[in-house]
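The next block holds one structure in the form of structure tokens; read it before the comments.
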Amino acid sequence: MTIEDYQGIFTFAQQVRGELTPVSLELIGKARDLAQISDTEVGVILAGNNVAHLVKDLIAYGADRVILIEDAVLDEYRTEPYTQAVTAVIEAYKPEIMLFGATAIGRDLAPRVAGRLHTGLTADCTSLEIDPENNQFRMTRPAFGGNLMATIICPDHYPAMATVRPGVMVKELRDDSRKGEIVRFDYQFEENQNYFEVEEVIKKITQKIDIQDAKVLVAGGRGVGGEAGFELLQGLADALGGEIASSRAAVDAGWQPKERQVGQTGKTVRPSLYFACGISGAIQHLAGMEESDYIVAIDKNPDAPIFNVADLGIVGDLHRIVPLLTERILAERAG
Amino acid sequence: MDFSLKNEYEMARTLFRDFAQKEVAPLAVEIDENHRFPTETLKKMQQNGFMGIPFSKEWGGQGCDYLTYVLAVEEISKVCGTTGVILSAHTSLGAGAINELGTPEQKEKFLRSLVDGRKLGAFALTEPDAGTDAAGQQTKAVLDGDEWVINGNKIFITNAGEADIYVVFAMTDKSAGTRGISAFIVEKGTPGFEFGVNEKKMGIRGSATRELIFRDCRIPKENLLGREGKGFGVAMGTLDGGRIGIAAQALGIAEGALEKTIEYVKERKQFGRPISAFQNTQFTLAEMKTEIEAARYLVYLAASKFDKGEKFGTEAAMAKLKASRVASWVTDQAVQLHGGYGYIQDYEIERMMRDAKITEIYEGTSEVMLMVISGALLK
Amino acid sequence: MKIIVCIKQVPDTTEVRLDPKTGTLIREGVPSIMNPDDKAGLEAALRLKDEYGAHVSVITMGPYQAKAVLREAFAMGADAAYLVTDRAFAASDTWATSSILAGAISKLEYDLIITGRQAIDGDTAQVGPEIAEHLGIPNVSYAEELHLEGDEIVVKRQFEDYSHLVRAKLPALITAMGELNTPRYMTPGGIFDAFRAKEIVEWNRVDVPVDDGDIGYRGSPTRVVKSFPKTVKVPGMKIEEGVEESAEFILDKLKEKYLL
Numbered sequence: 102m103t104i105e106d107y108q109g110i111f112t113f114a115q116q117v118r119g120e121l122t123p124v125s126l127e128l129i130g131k132a133r134d135l136a137q138i139s140d141t142e143v144g145v146i147l148a149g150n151n152v153a154h155l156v157k158d159l160i161a162y163g164a165d166r167v168i169l170i171e172d173a174v175l176d177e178y179r180t181e182p183y184t185q186a187v188t189a190v191i192e193a194y195k196p197e198i199m200l201f202g203a204t205a206i207g208r209d210l211a212p213r214v215a216g217r218l219h220t221g222l223t224a225d226c227t228s229l230e231i232d233p234e235n236n237q238f239r240m241t242r243p244a245f246g247g248n249l250m251a252t253i254i255c256p257d258h259y260p261a262m263a264t265v266r267p268g269v270m271v272k273e274l275r276d277d278s279r280k281g282e283i284v285r286f287d288y289q290f291e292e293n294q295n296y297f298e299v300e301e302v303i304k305k306i307t308q309k310i311d312i313q314d315a316k317v318l319v320a321g322g323r324g325v326g327g328e329a330g331f332e333l334l335q336g337l338a339d340a341l342g343g344e345i346a347s348s349r350a351a352v353d354a355g356w357q358p359k360e361r362q363v364g365q366t367g368k369t370v371r372p373s374l375y376f377a378c379g380i381s382g383a384i385q386h387l388a389g390m391e392e393s394d395y396i397v398a399i400d401k402n403p404d405a406p407i408f409n410v411a412d413l414g415i416v417g418d419l420h421r422i423v424p425l426l427t428e429r430i431l432a433e434r435a436g
Numbered sequence: 454m455d456f457s458l459k460n461e462y463e464m465a466r467t468l469f470r471d472f473a474q475k476e477v478a479p480l481a482v483e484i485d486e487n488h489r490f491p492t493e494t495l496k497k498m499q500q501n502g503f504m505g506i507p508f509s510k511e512w513g514g515q516g517c518d519y520l521t522y523v524l525a526v527e528e529i530s531k532v533c534g535t536t537g538v539i540l541s542a543h544t545s546l547g548a549g550a551i552n553e554l555g556t557p558e559q560k561e562k563f564l565r566s567l568v569d570g571r572k573l574g575a576f577a578l579t580e581p582d583a584g585t586d587a588a589g590q591q592t593k594a595v596l597d598g599d600e601w602v603i604n605g606n607k608i609f610i611t612n613a614g615e616a617d618i619y620v621v622f623a624m625t626d627k628s629a630g631t632r633g634i635s636a637f638i639v640e641k642g643t644p645g646f647e648f649g650v651n652e653k654k655m656g657i658r659g660s661a662t663r664e665l666i667f668r669d670c671r672i673p674k675e676n677l678l679g680r681e682g683k684g685f686g687v688a689m690g691t692l693d694g695g696r697i698g699i700a701a702q703a704l705g706i707a708e709g710a711l712e713k714t715i716e717y718v719k720e721r722k723q724f725g726r727p728i729s730a731f732q733n734t735q736f737t738l739a740e741m742k743t744e745i746e747a748a749r750y751l752v753y754l755a756a757s758k759f760d761k762g763e764k765f766g767t768e769a770a771m772a773k774l775k776a777s778r779v780a781s782w783v784t785d786q787a788v789q790l791h792g793g794y795g796y797i798q799d800y801e802i803e804r805m806m807r808d809a810k811i812t813e814i815y816e817g818t819s820e821v822m823l824m825v826i827s828g829a830l831l832k
Numbered sequence: 010m011k012i013i014v015c016i017k018q019v020p021d022t023t024e025v026r027l028d029p030k031t032g033t034l035i036r037e038g039v040p041s042i043m044n045p046d047d048k049a050g051l052e053a054a055l056r057l058k059d060e061y062g063a064h065v066s067v068i069t070m071g072p073y074q075a076k077a078v079l080r081e082a083f084a085m086g087a088d089a090a091y092l093v094t095d096r097a098f099a100a101s102d103t104w105a106t107s108s109i110l111a112g113a114i115s116k117l118e119y120d121l122i123i124t125g126r127q128a129i130d131g132d133t134a135q136v137g138p139e140i141a142e143h144l145g146i147p148n149v150s151y152a153e154e155l156h157l158e159g160d161e162i163v164v165k166r167q168f169e170d171y172s173h174l175v176r177a178k179l180p181a182l183i184t185a186m187g188e189l190n191t192p193r194y195m196t197p198g199g200i201f202d203a204f205r206a207k208e209i210v211e212w213n214r215v216d217v218p219v220d221d222g223d224i225g226y227r228g229s230p231t232r233v234v235k236s237f238p239k240t241v242k243v244p245g246m247k248i249e250e251g252v253e254e255s256a257e258f259i260l261d262k263l264k265e266k267y268l269l
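Residue numbers (our numbering), protein chains in the order written: chain A, 102 to 436; chain B, 454 to 832; chain C, 10 to 269.
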């Protein structure tokens, strides 16, 4: 078997109890990009129980072919039956690339499949490319706690497998007129020593807010002025799906609880997006948030030190800018 | 001679530092502000074997050595002088005395629970009229049948009221002077044994400092520690070891102050530059560091002689003399370099300055240290 | 009951800083620690030792300096420790690493194998499940709670917004998350024992049953062709406009950065 025998960019369509996980569509979007360079097709593996209704969505979002395996044993996710299913499809179709979402399922399933196929797996990729000159598949991912990016190749083993970070790749626009092939894949599951039982599915009750877990934080300081001002920030936080955070000044003033305090004597946070509203940017505060991926600062004072670390600095009145921004974001989301 | 602390000592230091940062430091400001004994920290130290570090596994201790114990006091005192002295008074004085002089029965009955983490110990020598002049003991113990009856007062006793087991000194034969003093083990809850109020202190405020009041307090005669009339020697010998603990506490306080100051001077900007750029700051830091290192090796030397079974009393005195003076001087300089912020409670450096002072006084004042050292020189 | 815990010595990546001038990682002075997920796994094993008298062995693949985490494990209470070390193992990817560890583990008796979910330097979360695949045993990943019931292990297995209660027959492999527990401290006595009373067993290439084709650079299906630091933060743009313009500007930037 040589590389020429392997064709096709395949993705795993993760579904939980009949609902597609968003990353599944993002994977197809990326697979289409790769397939164009490689001049090949996008295949999507859909495994589950009573999941046939999802096939049309997968095709509408770009699958050229959906390989469907349905069986009662695939009802709730378990490592071994899903590994058997995916491995069987890969062995039958021999794709050159196989993508999974880097989810709790994907990061359990993909290594088991890669182990069974004796091939390479790259975890949590944020960028995937095929070099058109040499057809080399390059997977880039963060390592070292996110401090370093590494580009990885899998030159001699097939398929090259990757788990992909959710929320990074872009799904295609939905097109219900798209056509795709549907293949029902028959597979005899073998109940072996790797099986285990799922006794119970436990839904999560909403937990205590931990600002360190939030991907988006809208933080307020002395400039917010009071609880009424924080309500404006809450509106923005809700619109962005984020949480409220606070500088020490606002906590000391009693406008926010200590759990939301960011800074030297509070918490250190690293969200993807950090809004600093009415926060001057004392060193003690910066120490707690300067590692945020993207920092937007809004403050009346053009010389406030917060602007030294902000990616985007807005000199202005937060009490007017924030509610307007919130309105615009909600409109954008709806449209 | 290899001055580096490797392997088990390096790992032990990491353990103590980790514990200090996670469990001790977060409480330091509050227990100082409220003069509150950190019961929760004591429990954690007990659960992790910190209260029995230099004691033999035979008695339920950790089987390490005095140097390891010194590292514990040092690292903990860096973040909290109070917690450092709680550990030190228990280990060197309370448990230490019983370890040196207890009979196997006494060790089984009292030492085990002190070093395996169940009970806290204390040491009671000082009286209203007997401080540096420790021989002037007024507390009396009289043998009555199978019991000793104790009457008198002790003051400024560390861990008093919180500790379960006390090594108490009393006069058993007034006519014999220092040869008439004996040592006893007294348990909290014994009828006739009461505590005074918790003193409000300048520093180490979370540490319990109370009077012990004995009124016809009866203890079994088996609770005599060491031989009758030999108590003064017990006290002095135990205090020698205790001095190493206090020296470690002082060393830790000084180091903690220096660390905080270095952080501060790098961040604080005046005249367009961090104040660490100014030579005054740089030179002061250099002096602080040098003094600390000088003290450090005296402390480790004393501990190391203790561990080798060599005479260590003079080294212990020098270590305490030096380390306590360094602690006072370094913390004073540290506050000065912090400027106005150095006076503010939240910045913690003022507490370190208040905590440092007592190390020049208790377990033998600096003046006593000078007496011990000159005594050895002029023998 | 015999438990094997796989642990790894890693640089403390939360302490890693970028050199602002060169944009490269400053690796000197970064302390080495036991990977946090692995420590939680070790703590889980030690609790089973406390409760059931289980025998706990720890194993690590790494250079000689990795002995430090084995000693730390001893100081926490582990009974035996194995260092799998050889030049031939260097530059192994997760396939090769898991092959080597599986080979080493196959020399020992075990009822339960515990690995951490992922290491804070590699961040792959692959080695645990791949070891289970090589050994032909079930793996339950992302354990947030676990307890023993006879010859079965019951695990609360975490997904994004729900959990499974899983029952697996031993022998099995669990990957532990940091949230599983709060690991105990070493004890001073444990530290002394780790250096003075306990021995680390060293296994080199000849001691590990694994194919040459599955180890090191040659045995690794994946390889790194480039590594580079994430872009350093420099102060961004600052605007002073009207309210409308400001809100629009922010919205556009958020869209541009896929932050919406």
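Cβ coordinates follow ideal geometry from the N, Cα and C atoms, glycine included.
Counting only beta-carbon separations shorter than 8 Å, does residue i have a partner in chain B?
i       : result
I200(C) : yes
R276(C) : Here chain C has residues from 10 to 269 only, and residue 276(C) is not among them.
Taking 8 Å as the CB-CB limit, is residue i close to chain A?
i       : result
H156(C) : no
E265(C) : no
I109(C) : no
R176(C) : yes
Y171(C) : yes
A113(C) : no
K116(C) : no
E139(C) : yes
Taking C-beta to C-beta, are residue i and residue j nearer than 8 Å?
i       : j       : result
A411(A) : A432(A) : no
V143(A) : I129(A) : yes
A82(C)  : I16(C)  : yes
A756(B) : Y519(B) : yes
V67(C)  : A84(C)  : no
Of all the CB atoms in chain C, is at least one closer than 8 Å to the CB of residue i?
i       : result
T494(B) : no
T536(B) : no
V265(A) : no
T521(B) : yes
Under the three-state reduction of DSSP, which class applies to residue i: helix, strand or coil?
i       : result
V727(B) : The residue asked about is misnamed: residue 727(B) is Pro in this sequence, not Val. In the structure shown, P727(B) sits in a strand (DSSP, three-state: E or B).
N651(B) : coil
R429(A) : helix
H64(C)  : strand
Under 8 Å by Cβ, that's how I've got residue i and residue j pegged, so tell me the actual separation to the nearest angstrom.
i       : j       : result
G255(C) : G417(A) : The residue you asked about is not Gly; residue 255(C) is Ser in the sequence shown. Indeed they touch by this definition, with Cβ atoms about 5 Å apart.
M186(C) : D46(C)  : 6 Å
A75(C)  : L92(C)  : 6 Å
N150(A) : A173(A) : 5 Å
K531(B) : E803(B) : About 16 Å separates the two Cβ atoms, so there is no contact after all.
F490(B) : G659(B) : 6 Å
Taking C-beta pairs closer than 7 Å, name the residues in chain D that residue i reaches, listed in chain order.
i       : result
G516(B) : The structure shown has no chain D; the protein chains it does contain are A, B and C.
Kindly confirm or deny that the segment 799-810 of chain B and the segment 547-562 of chain B touch, where touching means at least three C-beta pairs closer than 8 Å. no
Subject >> Three-pair Cβ contact test at 8 Å for the segment 692-707 of chain B versus the segment 514-534 of chain B >> reply: yes
Does the contact criterion of 3 or more C-beta pairs under 8 Å hold for the segment 535-544 of chain B versus the segment 563-580 of chain B?
yes
*Does the segment 305-324 of chain A come close enough to the segment 208-228 of chain A that 3 or more CB-CB pairs lie under 8 Å?*
no
Exercise for the section: Mind the definition here: the segment 48-57 of chain C touches the segment 815-830 of chain B only if three or more C-beta pairs lie below 8 Å; say whether that holds. Expected result: no
Assess, as a yes-or-no matter, whether the segment 163-179 of chain C is touched by the segment 213-220 of chain C under the definition of 3 or more beta carbon pairs within less than 8 Å. no
May I ask you to verify whether the segment 487-498 of chain B touches the segment 722-740 of chain B, counting CB pairs closer than 8 Å and requiring at least 3?
-> no
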